[in-house]
Structures are given as C-alpha cells and as structure tokens.
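Comments concern the structure below.
Chains as they are written, first to last, in the numbering used here: chain H, 369 to 813; chain U, 2 to 71.
The structure is reproduced here in structure tokens:
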C-alpha cells in the first residue's frame with residue numbers, strides 16, 4: 369500500500385500540470401499507472417511460481433527448478449519482445465495472426481497508442497505466466513535445454529497465436545479475430561494464459577514420462593517427499609496477492625470494475641481452499657490434503673479469472689467451491705492414470721482453466737455478456753474457445769516435444785535425476801565394463 | 002538375484018530419452034549394439050535405479066527370449 373501511495377505521490381506533478389487543461393490526460397496517466405502496478409504484481413507471480421515449485425519438488429531438484437523459473441522469464445522477455453507481442457496484438461491478418469509491431473517497432477501513424485510500453489510490460493508478464501506453468505509439471509526429470517526450447521516455442525508461437533484469436537482486438541477497434549468475432553469471453557486468461565500452460569504441461573508430461581520410480585510395476589504410487597511445504601505455502605500467498613493485479617489490471621484502466629474484480633478473485637480462492645479442504649477430508653480420506661489445499665487456492669484463482677468481471681460475488685463463491693473440488697478430483701485421477709505432475713499444474717491450470725472458462729456462461733450475469741447472447745449460446749461459444757485452445761495448443765506442443773525428443777533428448781540422465789543437477793548438467797564417468805564379456809553378451813542380442 | 006530391466010535411458014545430442022523395453026527391443030540389433038558399445042544407453046530397474054551394464058544386457062536377452070516365446 370505504501371508503495372502505491374508513493375507511486376501516486378510521484379504522479380502529483382503531472383496531475384498538477386494536466387488538471388487545468390483537461391481531465392483526460394490525468395485519467396490516462398492513472399490508467400497507465402494502474403496497469404504498471406498490475407504488471408509489477410503479475411511479474412511477482414514468477415517469484416510465487418518459483419517458491420511453489422521449488423517447495424513441491426524433492427530437495428535435490430529444488431535448485432534447478434528455481435533456476436528454470438528464472439531462465440524461462442529471460443527466454444520469454446526476449447521472444448515476446450521480438451515476436452510474441454506483434455503476433456498477439458498486431459493488426460490482424462485475416463483474424464488469424466498479428467502482422468505488425470515486431471520488436472516493438474511501431475509508429476503512432478499505425479494507430480499504436482502512447483500507453484504501448486506499459487501495456488507491453490503487462491502482457492509480457494502474462495506470457496511469462498503461461499510459460500512458467502510448464503516448468504513445474506515437468507520438473508525433476510526434464511533437461512534444461514529441452515525446457516528452454518519449449519519455453520521459447522510457447523512464448524514465440526503457441527501463446528501469442530491463441531492470444532491473438534481471443535484478445536487480438538484489445539488495442540485496435542475493429543481488429544476482430546477468430547474468437548472475438550463469435551463473442552468468446554476470457555477476461556483475464558483462464559484459457560488464454562492458464563489452459564495454454566496446462567495443455568502444454570499435459571502433453572509434456574505424457575511425452576517425457578514420470579519421474580524414475582514414481583510408479584511401481586502395477587501402477588502403485590510411490591511417495592516422493594516435497595522439499596518444503598512452507599516454501600510452497602509462501603509461493604501460494606505470493607500468487608494469491610499477485611492475482612489481484614492479474615485480474616484487476618486486466619481492465620487496462622483504473623475504473624469502477626477494479627474493486628469488484630479483485631473482490632471476486634479473492635472470494636473464489638477463499639472458497640476453493642475451504643471447499644477442497646472439506647472435500648478431501650470427507651471424501652478422499654485426507655489423502656495429500658496439504659498440497660491439494662494449496663493447489664485449490666490456485667485452482668480458485670484460475671477458475672474465476674475468465675469471468676471475474678461479470679460474475680456476482682456469489683457467482684465467484686460458486687466458481688471457487690467447484691474449482692477446489694475439481695482440483696482434488698483431477699489430482700487423484702492423474703495419479704490413477706500414472707501421469708506424474710509433481711506440482712499439480714495440470715489440475716490447477718488446465719482443469720480449472722477449462723472449467724472457469726465455461727463458468728463465464730454458467731455463472732456470468734447474462735446482461736454483461738458483451739455479444740448480447742443468451743446463457744446457453746454463450747456456454748456454447750465458451751466451449752468453442754476451450755476446444756480451439758486444446759486443439760491448437762495440444763497439436764503444437766505435441767510436435768514440439770516430439771521434435772525435441774527426436775533431435776535433442778527430453779530428459780536428464782538417470783544419474784542426474786537421482787542426484788540432482790544444474791544448468792550445465794553433471795560430469796559423468798561411464799561405468800567400467802569388461803569389454804570382452806559385454807561383446808559376448810551382445811552377440812546374443 | 003534376478004535382474005529385471007524396466008526402462009532404458011538413451012543419450013541424445015542434448016539430453017536423454019526414456020524408452021520402454023519393448024521400444025528398445027524394436028530397434029535394429031545393430032542400433033542396439035552400437036548404443037551399448039558407445040555407452041549411450043543405461044538400463045534401469047523397476048525402482049528407476051541404474052543397473053550394471055553387463056548384468057542388464059544378459060537380463061534383457063532373457064526378457065527378449067521370453068517376449069519371443071510369448
């Protein structure tokens with residue numbers, strides 16, 4: 369709060385200059401300040417994800433998991449600047465792809481507003497969120513190079529393309545795109561940001577496989593002790609706080625919507641946590657209750673992200689309760705399917721992202737649907753958006769992972785996985801083997 | 002004690018891939034032999050531990066024979 373007051377104090381001179389002329393520059397400055405504050409909050413999510421993921425993996429993998437979170441931000445900041453921003457928000461070519469603004473080379477004549485730089489920082493933070501979701505799901509066994517390639521593909525192509533389809537009209541009136549034309553609503557990114565990260569995560573963990581020894585020969589789940597639930601708890605609280613900027617800042621203006629949006633965001637997380645706790649205690653024999661409780665908070669936040677601007681407080685409560693329970697059910701289902709997601713990224717970002725997007729139609733106030741559709745029709749539109757995201761993201765992620773597997777290699781060595789590893793990997797001595805005996809054994813192969 | 006190979010880790014240009022025993026046995030004999038002689042492969046037991054190379058090669062031969070029998 370003190371920081372916000374300080375920022376406002378810094379703005380006073382510009383207010384004083386602007387006031388006699390017109391209120392418009394003041395409003396524009398306040399809007400930009402709010403978006404900048406929100407961008408800072410969304411950037412803080414990187415720290416939240418780092419703490420959450422480093423705390424959720426085994427101790428030996430905590431350092432590299434933390435490093436990957438820092439590195440993917442660097443990759444994202446570079447690729448989104450060079451390509452991602454333009455592909456996502458540039459003037460649309462056929463409603464499919466942005467065609468200008470590469471490397472932020474823009475001119476006012478092209479219609480770009482003066483607030484471009486502030487909006488770029490805000491959107492960059494969003495792109496970083498989509499990318500970093502994947503690091504947790506694939507942690508402990510994915511190679512550093514492979515992960516960096518995936519991050520680059522997500523922020524250069526996968527996220528910006530789908531983002532263009534859903535949000536391509538954010539800066540230019542009439543810049544209608546594939547999903548904006550049909551009235552798809554995803555206010556702050558349940559699908560655009562979180563499901564994209566979730567789909568990439570799901571495809572990634574299926575291709576890379578589980579951590580060594582995670583499942584027994586008959587599918588039994590072997591417990592792998594998380595490094596620090598306290599660190600994970602800190603991560604969740606950082607994310608919870610940052611989400612006020614994630615959703616509240618998505619107004620792109622400091623107006624009367626901000627308060628209700630932040631309130632809805634907070635309510636959904638609260639009731640998701642409580643719903644998950646009760647559900648796990650009553651129906652799941654308290655199995656993994658601590659990580660489920662922490663992930664449910666995030667599930668509630670993801671769930672309300674699409675509809676936070678058009679649901680009532682009670683609608684946000686409903687989204688939170690259902691998202692929390694969905695998180696629990698999805699966590700157990702993944703284990704039954706022998707899908708290893710050490711941090712629970714898939715239940716949180718994919719399952720709750722999809723559910724939250726559908727909840728726009730289910731719990732949203734229909735008079736606030738921007739396209740004026742009825743409730744059932746809006747649910748159908750939301751479903752189209754969800755499926756489009758799944759098909760695009762799933763297919764591109766699949767091709768990316770298969771290419772990496774073919775030419776680079778997805779995993780670290782078994783020794784590195786057992787003992788932990790760094791960015792440069794570890795030096796390994798090949799096992800000394802009696803060559804003659806080995807050749808003899810090989811003759812039988 | 003009997004050794005059982007559950008998975009195979011294969012070194013690639015910038016990392017490793019994990020294969021099932023069936024995927025490994027589906028490779029040509031020449032490719033498998035080259036991987037082993039060039040130390041680009043490691044055999045893993047049911048708990049994910051790395052198995053001694055010689056024992057693992059003998060074990061996988063037995064496993065292959067039983068697969069063919071079946």
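The beta carbon of each residue, even a glycine, is placed where N, CA and C say it ideally should be. Quick caveat, the model's predicted, so the values are computed rather than measured.
Look up residue i in the DSSP assignment and say whether it is helix, strand or coil.
i: residue 18(U); result: strand
i: residue 315(H); result: Residue 315(H) lies beyond the stretch modelled for chain H, which goes from 369 to 813, so this question has no answer here.
i: residue 583(H); result: strand
i: residue 64(U); result: helix
i: residue 548(H); result: coil
i: residue 510(H); result: strand
i: residue 779(H); result: strand
i: residue 568(H); result: helix
i: residue 522(H); result: helix
i: residue 659(H); result: helix
i: residue 51(U); result: strand
i: residue 553(H); result: coil
i: residue 712(H); result: coil
i: residue 28(U); result: coil
i: residue 493(H); result: helix
i: residue 678(H); result: coil
i: residue 628(H); result: helix
i: residue 664(H); result: helix
i: residue 4(U); result: coil
i: residue 788(H); result: coil
i: residue 577(H); result: coil
i: residue 773(H); result: helix
i: residue 474(H); result: coil
i: residue 653(H); result: coil
i: residue 671(H); result: helix
i: residue 505(H); result: helix
i: residue 37(U); result: helix
i: residue 707(H); result: coil
i: residue 499(H); result: helix
For residue i, report the span of its beta strand (DSSP E) as first-last.
i: residue 697(H); result: Not the beta strand (DSSP E): residue 697(H) falls in the alpha helix (DSSP H), residues 681-704.
Looking at the strands, I want to know which residues DSSP matches up with residue i.
i: residue 11(U); result: 18(U) and 42(U)
i: residue 466(H); result: 460(H)
i: residue 752(H); result: Paired residue(s): none; residue 752(H) is not in a bridge.
i: residue 589(H); result: 583(H)
For the alpha helix (DSSP H) that contains residue i, what are its first and last residues?
i: residue 544(H); result: Unbroken run through residue 544(H): none, as it is neither H nor E.
i: residue 395(H); result: 391-424
i: residue 527(H); result: 527-535
i: residue 436(H); result: 430-447
i: residue 624(H); result: No alpha helix (DSSP H) holds residue 624(H); DSSP gives it neither H nor E.
i: residue 427(H); result: Counting along the chain, residue 427(H) falls outside any alpha helix (DSSP H), and DSSP gives it neither H nor E.
i: residue 808(H); result: 803-811
i: residue 725(H); result: 720-731
i: residue 599(H); result: 597-616
In whole angstroms, give me the CA-to-CA distance for residue i and residue j.
i: residue 665(H); j: residue 605(H); result: 9 Å
i: residue 55(U); j: residue 470(H); result: 56 Å
i: residue 603(H); j: residue 710(H); result: 15 Å
i: residue 47(U); j: residue 667(H); result: 34 Å
i: residue 801(H); j: residue 446(H); result: 46 Å
i: residue 584(H); j: residue 20(U); result: 16 Å
i: residue 753(H); j: residue 457(H); result: 18 Å
i: residue 34(U); j: residue 580(H); result: 24 Å
i: residue 715(H); j: residue 696(H); result: 8 Å
i: residue 526(H); j: residue 572(H); result: 14 Å
i: residue 441(H); j: residue 414(H); result: 8 Å
i: residue 737(H); j: residue 746(H); result: 8 Å
i: residue 41(U); j: residue 11(U); result: 6 Å
i: residue 512(H); j: residue 436(H); result: 7 Å
i: residue 624(H); j: residue 451(H); result: 34 Å
i: residue 519(H); j: residue 496(H); result: 9 Å
i: residue 576(H); j: residue 398(H); result: 46 Å
i: residue 380(H); j: residue 396(H); result: Here the model assigns residue 380(H) a pLDDT of 44, short of 50, so the residue's position is not dependable, and the following value carries that caveat. Computed Cα separation, rounded: 14 Å.
i: residue 5(U); j: residue 782(H); result: 16 Å
i: residue 448(H); j: residue 523(H); result: 6 Å
i: residue 756(H); j: residue 562(H); result: 14 Å
i: residue 680(H); j: residue 750(H); result: 19 Å
* To do: Residues of the segment 411-445 of chain H with a CB closer than 8 Å to any CB of chain U: list them in chain order, please.
  => none
* Can you list, in chain order, the residues of the segment 776-789 of chain H whose Cβ is nearer than 8 Å to any Cβ on chain U? -> 776, 777, 778, 779, 780, 781, 782, 783, 785 and 786
* **Near-chain H residues of the segment 13-47 of chain U - C-beta to any C-beta below 8 Å** => 13, 14, 15, 16, 17, 18, 19, 30, 33, 34, 37, 38, 40, 43, 45 and 47
* Given a limit of 8 Å on CB to CB distance, which residues of the segment 51-65 of chain U reach chain H? -> 51, 53, 54, 55, 58, 59, 61, 62 and 65
* **Near-chain U residues of the segment 587-610 of chain H - C-beta to any C-beta below 9 Å** => 590
* What residues in the segment 535-551 of chain H bring their beta carbon closer than 7 Å to a beta carbon of chain U? -> none
* Along the segment 643-662 of chain H, what residues have a CB closer than 9 Å to any CB found in chain U? -> none
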